[in-house]
Amino acid sequence: MNRRENLKLLFTGSLASGLFMTGCGPEAPKEIAHAPTIGEGTKWGRTPEEMMRNAELKAEVFFREDEMKKLNYLVDVIIPKDDVSGSATEAGVPDFIEFIVKDMPYYQTPMRGGLMWLDTQAEDRFGKPFMEASEDQRIEIIDDIAYPDKAKPEMSRGVSFFNTLRDLTSTGFFTSPEGFKDLDYKGNRPNVWDGVPDEVMAKHGFKLEEKYIPLYMNPDTRSTLAQWDDEGNLIG
Amino acid sequence: MSFQIKSPGEAYDVIIVGSGAGGGMASKILSEAGFSVAVVEAGGDFDPAKEEDRTQLRFPWESPRRGASTQNRPFGDFDAAIGGWDIDGEPYTKNDGTEFDWFRSRMVGGRTNHWGRISLRFGPNDFKRKNIDGLGDNWPIGYEDLKPYYDRVDKLIGVFGSKEGIYNEPDGFFLPPPKPRLHELFIKKGADKVNIPVMPSRLSILTKPINNERGACFFCNQCNRACQAYADFSAGTCLVKPAMKKGKVDLYTHAMVRKVTTNDKGMATGVSYISKVDMKEYKLKSRVVVLGASACESARIMLNSKSKVHPDGLSNGSGMIGRYLHDSTGSDRMGFIPDLVDRQKYNEDGVGGMHVYTPWWLDNSKLDFARGYHIEYWGGMSMPSYGFGFGMDTIRKHIKDEFGNPGPAGGYGAGLKKDIRRYFGSMVGMSGRGESIPRYENYCEIDNNTVDKYGIPVLKFNYTWSDQEIKQAKHMQDTFEEVLTNAGAVLFGEKAGPDSKYGLHAPGRIIHEVGTTRMGDDPKTSVVNSNCQAHECKNLFVVDGGPFVSQADKNPTWTILALAWRTSDYIVSELKKKNI
Numbered sequence: 001m002n003r004r005e006n007l008k009l010l011f012t013g014s015l016a017s018g019l020f021m022t023g024c025g026p027e028a029p030k031e032i033a034h035a036p037t038i039g040e041g042t043k044w045g046r047t048p049e050e051m052m053r054n055a056e057l058k059a060e061v062f063f064r065e066d067e068m069k070k071l072n073y074l075v076d077v078i079i080p081k082d083d084v085s086g087s088a089t090e091a092g093v094p095d096f097i098e099f100i101v102k103d104m105p106y107y108q109t110p111m112r113g114g115l116m117w118l119d120t121q122a123e124d125r126f127g128k129p130f131m132e133a134s135e136d137q138r139i140e141i142i143d144d145i146a147y148p149d150k151a152k153p154e155m156s157r158g159v160s161f162f163n164t165l166r167d168l169t170s171t172g173f174f175t176s177p178e179g180f181k182d183l184d185y186k187g188n189r190p191n192v193w194d195g196v197p198d199e200v201m202a203k204h205g206f207k208l209e210e211k212y213i214p215l216y217m218n219p220d221t222r223s224t225l226a227q228w229d230d231e232g233n234l235i236g
Numbered sequence: 237m238s239f240q241i242k243s244p245g246e247a248y249d250v251i252i253v254g255s256g257a258g259g260g261m262a263s264k265i266l267s268e269a270g271f272s273v274a275v276v277e278a279g280g281d282f283d284p285a286k287e288e289d290r291t292q293l294r295f296p297w298e299s300p301r302r303g304a305s306t307q308n309r310p311f312g313d314f315d316a317a318i319g320g321w322d323i324d325g326e327p328y329t330k331n332d333g334t335e336f337d338w339f340r341s342r343m344v345g346g347r348t349n350h351w352g353r354i355s356l357r358f359g360p361n362d363f364k365r366k367n368i369d370g371l372g373d374n375w376p377i378g379y380e381d382l383k384p385y386y387d388r389v390d391k392l393i394g395v396f397g398s399k400e401g402i403y404n405e406p407d408g409f410f411l412p413p414p415k416p417r418l419h420e421l422f423i424k425k426g427a428d429k430v431n432i433p434v435m436p437s438r439l440s441i442l443t444k445p446i447n448n449e450r451g452a453c454f455f456c457n458q459c460n461r462a463c464q465a466y467a468d469f470s471a472g473t474c475l476v477k478p479a480m481k482k483g484k485v486d487l488y489t490h491a492m493v494r495k496v497t498t499n500d501k502g503m504a505t506g507v508s509y510i511s512k513v514d515m516k517e518y519k520l521k522s523r524v525v526v527l528g529a530s531a532c533e534s535a536r537i538m539l540n541s542k543s544k545v546h547p548d549g550l551s552n553g554s555g556m557i558g559r560y561l562h563d564s565t566g567s568d569r570m571g572f573i574p575d576l577v578d579r580q581k582y583n584e585d586g587v588g589g590m591h592v593y594t595p596w597w598l599d600n601s602k603l604d605f606a607r608g609y610h611i612e613y614w615g616g617m618s619m620p621s622y623g624f625g626f627g628m629d630t631i632r633k634h635i636k637d638e639f640g641n642p643g644p645a646g647g648y649g650a651g652l653k654k655d656i657r658r659y660f661g662s663m664v665g666m667s668g669r670g671e672s673i674p675r676y677e678n679y680c681e682i683d684n685n686t687v688d689k690y691g692i693p694v695l696k697f698n699y700t701w702s703d704q705e706i707k708q709a710k711h712m713q714d715t716f717e718e719v720l721t722n723a724g725a726v727l728f729g730e731k732a733g734p735d736s737k738y739g740l741h742a743p744g745r746i747i748h749e750v751g752t753t754r755m756g757d758d759p760k761t762s763v764v765n766s767n768c769q770a771h772e773c774k775n776l777f778v779v780d781g782g783p784f785v786s787q788a789d790k791n792p793t794w795t796i797l798a799l800a801w802r803t804s805d806y807i808v809s810e811l812k813k814k815n816i
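Here the protein sequences come in this chain order: A and B. For the first sequence, the positions run 1 to 236 when the working numbering is used. For the second sequence, the positions run 237 to 816 when the working numbering is used.
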């Protein structure tokens, strides 16, 4: 089921066809579109300048082919496929990193330099570039830079590169459709908030404050027009 | 964004500069009274109900930078407000050793397209601070003058909240508040232990409809992206557009006002603006000019409107325009709640902001600083965007596995992936937003050496924090630590100390700047009178934050709206009496 169908389902379910009857007094009740419409537009409020900048950045190429190959390997070491969701490359993380280093140029030298640093390490240790080293040899280098609290001081450049790469890989993965599936993310769709589910309240030992219970937004009356008495008490 | 330039015809009754909270309110009240109105806006048209302007309900991957901020959208790629602290071609300068960051939104609705919808009335004390602590000045009006207007604003625009009966946090006509989120209950638990109140927040978001033109909230937590159902307040959707539908209102977009024009008696005759479309200058004429361009922009326009009668700027005989500029203070802290690791997943979006907050709760006479602050809370399962998953090199060691063993700092692989998954939704943070002391020494003025790309002289800022604000920020940091620790949270990062002024943000960063055209009964020490009418130019009014004598420990928007309504009523009465 795609997102559009998903939303349609929600509307026909909890949100009563997306239309609510509202109105009071002598005026005839009027139907108002209460729930949002979701189009497939791509403009999303971009100014002409923003559209131009995004297009320019997309047209540029930063990582060379050999760098991209290394990046593909590394992001999957950081976020591999497991029984919950796919890998970083399956989620398109390298393309995201390619865009973000162009959008935020301060990443460019640390990333390019860090990828080179892996080669110099592999040359010094094994006499060949990183990607030509064996899997065990590569992991040996990664283990030396992946744990900041345990890493040797002489590894600090590699540590800081790997921290950056871990950040970008994690954020790229968990902001992708694959990542949302992994997190079982349930938001960003029209709904009616009626508080923390009872079982969750119970699990953490929370109760709502008695005095507020009659005041809280009530899903059953949320579609009727608000009215107050002169003292500001809500009566409708 | 469509370009909209209407050809100027006859003189208008009123020209309003700016379409934010103040300008929007003036456009509605004045047009409903039957007057012809021109609204002159420096940015483009904007209507979140149009599919082409919609950023709401989009997923992070619809942005190539996954919602990260950009120069023109410092609050992220999906934020509705276009502009920011740094706009190409529209510079501002600062005196050495001082700081001020000026946030602008160039679009219909202005900065109301972004804000947090926190809608707090100023209380009786907030108008008379000098009586309490001897600092700054009293307002020439009091809460009782604004109360009827706050009431009307509540009903016209809608705000949820709870009646609490707290003297300096006046209640209003509230819509039902939403129930708290889980992390907010943890906060409440922590705050209860140290006797800090946590109560339903007061946000201008419709939890019930208030009229047939606007929908009600559907709980996507994205008010800052602007609501296509118009279920939150922004000046464009709730004031300017309805005014245009009903009354004689012309909207001029992409029109950068250079000055208010005046006649040889010094009265305002209209405005002169540069069209951003063809870079040519145009003039509009009117009986009355209303400035609602924002505290600093309106001050800039008045200072740039020099003439023989007004040699130092329009209605600036006192030299007070630009003086007493002040922004709210701000300091923040975050942490993570181990009890929330591995939490059950459900849609926790709620409204576009916190469901609970803390109003100022202490007595300053027992403290070493003069003014208070409120606390805003955030966290939980809000939608991941750029930045989510960062920092595992320091955070991961706090995430314990099922046997209670802490994870390694950093790392990689299936274990890292699992820990980020388990950690999602366990973050919590708090932000203090407080009142600063308005001071003559903090000001903006015209920079004689710099113009923007429209050839208009720019503002130069001179602003420093005093010990009052720094001590207040220290108090915030102590409070944050106390509440978070008692809520069972692990604090992130080092506690902000004296080198960073206790995390105190630079002035301008909280975007509550006010005071540049302050009101007063004495024309020697103020720019406008208690009706926001310029002392030296009877047909010029200011309806933004400029006339504020002091900012409270509250967000200014609700007071801007109430004041603008009151000023508009006065303009209607003066026009009808032919006094202006």
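Think of the CB as a built atom: it goes at the ideal place given N, C-alpha and C, for glycine as much as any other residue. In this text the structure is predicted, and so the values were computed from the model without any measurement.
Chain-ordered chain B contacts of residue i [CB-CB under 8 Å]
{"i": "N72 of chain A", "result": "Correct list: empty, because the minimum Cβ distance to chain B is about 15 Å."}
{"i": "K181 of chain A", "result": "Ordered by position in chain B, no residue passes the 8 Å Cβ test against K181 of chain A, which lies about 11 Å from the chain."}
Of the residues the options, the one placed nearest residue i, counting alpha carbons only
{"i": "K482 of chain B", "options": "B:G651, B:P412, B:V273", "result": "B:V273"}
{"i": "T497 of chain B", "options": "B:T715, B:V750, B:K542, B:T721", "result": "B:K542"}
{"i": "E335 of chain B", "options": "B:N775, B:S702, B:G589, B:Y509", "result": "B:S702"}
{"i": "L266 of chain B", "options": "B:G256, B:A278, B:I252, B:G279", "result": "B:I252"}
{"i": "Y679 of chain B", "options": "B:V485, B:D585, B:W338", "result": "B:W338"}
{"i": "K221 of chain B", "options": "A:I213, A:G179, A:D229, A:D194", "result": "There is simply no residue 221 of chain B to check, as chain B begins at 237 and stops at 816 in what is shown."}
{"i": "D235 of chain B", "options": "B:A465, B:I807, B:E749", "result": "Residue 235 of chain B lies beyond the stretch modelled for chain B, which goes from 237 to 816, so this question has no answer here."}
{"i": "V84 of chain A", "options": "B:R658, B:C474, B:D369, B:L799", "result": "B:R658"}
{"i": "I446 of chain B", "options": "A:P219, A:Y212, A:G236, A:K211", "result": "A:G236"}
{"i": "I692 of chain B", "options": "B:E517, B:S263, B:D486", "result": "B:E517"}
{"i": "Y216 of chain A", "options": "A:T47, A:R189, A:E199, A:W193", "result": "A:W193"}
{"i": "T47 of chain A", "options": "B:V808, B:R669, B:D315", "result": "B:D315"}
{"i": "D821 of chain B", "options": "B:G378, B:V276, B:R342", "result": "Coverage of chain B is limited to positions 237 through 816, which leaves residue 821 of chain B absent and any answer about it impossible."}
{"i": "S170 of chain A", "options": "A:P190, A:I79, A:E60", "result": "A:I79"}
{"i": "R523 of chain B", "options": "B:P574, B:N775, B:R802", "result": "B:N775"}
{"i": "D220 of chain A", "options": "B:F455, B:K444, B:N448", "result": "B:K444"}
7 Å Cβ cut-off: residues of chain B touching residue i
{"i": "R222 of chain A", "result": "T443, K444, A452"}
{"i": "I141 of chain A", "result": "Chain B residues near I141 of chain A: none, gap ~12 Å exceeds 7 Å."}
{"i": "W44 of chain A", "result": "R290, T291, R294, E298"}
{"i": "Y107 of chain A", "result": "Neighbours of Y107 of chain A on chain B: none; closest Cβ ~11 Å, over 7 Å."}
Neighbour list for residue i in chain A, Cβ cutoff strictly below 7 Å
{"i": "G623 of chain B", "result": "T171"}
{"i": "P436 of chain B", "result": "Y212"}
CB-CB length for residue i against residue j, believed under 8 Å
{"i": "V763 of chain B", "j": "H771 of chain B", "result": "7 Å"}
{"i": "R347 of chain B", "j": "I746 of chain B", "result": "R347 of chain B to I746 of chain B, Cβ: 12 Å. No contact."}
{"i": "P644 of chain B", "j": "K633 of chain B", "result": "7 Å"}
{"i": "W596 of chain B", "j": "Y609 of chain B", "result": "6 Å"}
{"i": "I573 of chain B", "j": "F422 of chain B", "result": "6 Å"}
CB of residue i within 8 Å of CB of residue j, strictly
{"i": "W297 of chain B", "j": "S87 of chain A", "result": "no"}
{"i": "G451 of chain B", "j": "A462 of chain B", "result": "no"}
{"i": "C773 of chain B", "j": "S551 of chain B", "result": "yes"}
{"i": "R301 of chain B", "j": "F99 of chain A", "result": "yes"}
{"i": "D568 of chain B", "j": "G665 of chain B", "result": "yes"}
{"i": "V344 of chain B", "j": "S255 of chain B", "result": "yes"}
{"i": "K689 of chain B", "j": "G258 of chain B", "result": "no"}
Proximal chain B residues relative to residue i, where beta-carbon distance stays under 9 Å
{"i": "P177 of chain A", "result": "F295, W297"}
{"i": "F96 of chain A", "result": "W297, P300, R301, R302"}
{"i": "R166 of chain A", "result": "G625, F626, M628, D629, G646, G647, Y648, L652"}
{"i": "K58 of chain A", "result": "P300"}
{"i": "P197 of chain A", "result": "Q580, Y582"}
Neighbour list for residue i in chain A, Cβ cutoff strictly below 8 Å
{"i": "N308 of chain B", "result": "T47, E49, E50"}
Within chain A, the residues that residue i reaches when beta carbons sit closer than 9 Å
{"i": "R417 of chain B", "result": "W193, G195, V196"}
Do the region 311 to 328 of chain B and the region 496 to 516 of chain B make contact, defined as three or more Cβ pairs closer than 8 Å? no
Does the contact criterion of 3 or more C-beta pairs under 8 Å hold for the region 609 to 624 of chain B versus the region 489 to 497 of chain B? no
At least 3 beta-carbon pairs within less than 8 Å: the region 432 to 450 of chain B vs the region 554 to 563 of chain B: no
Could you tell me whether the region 375 to 382 of chain B touches the region 580 to 597 of chain B, using the rule of 3 or more Cβ pairs below 8 Å? no
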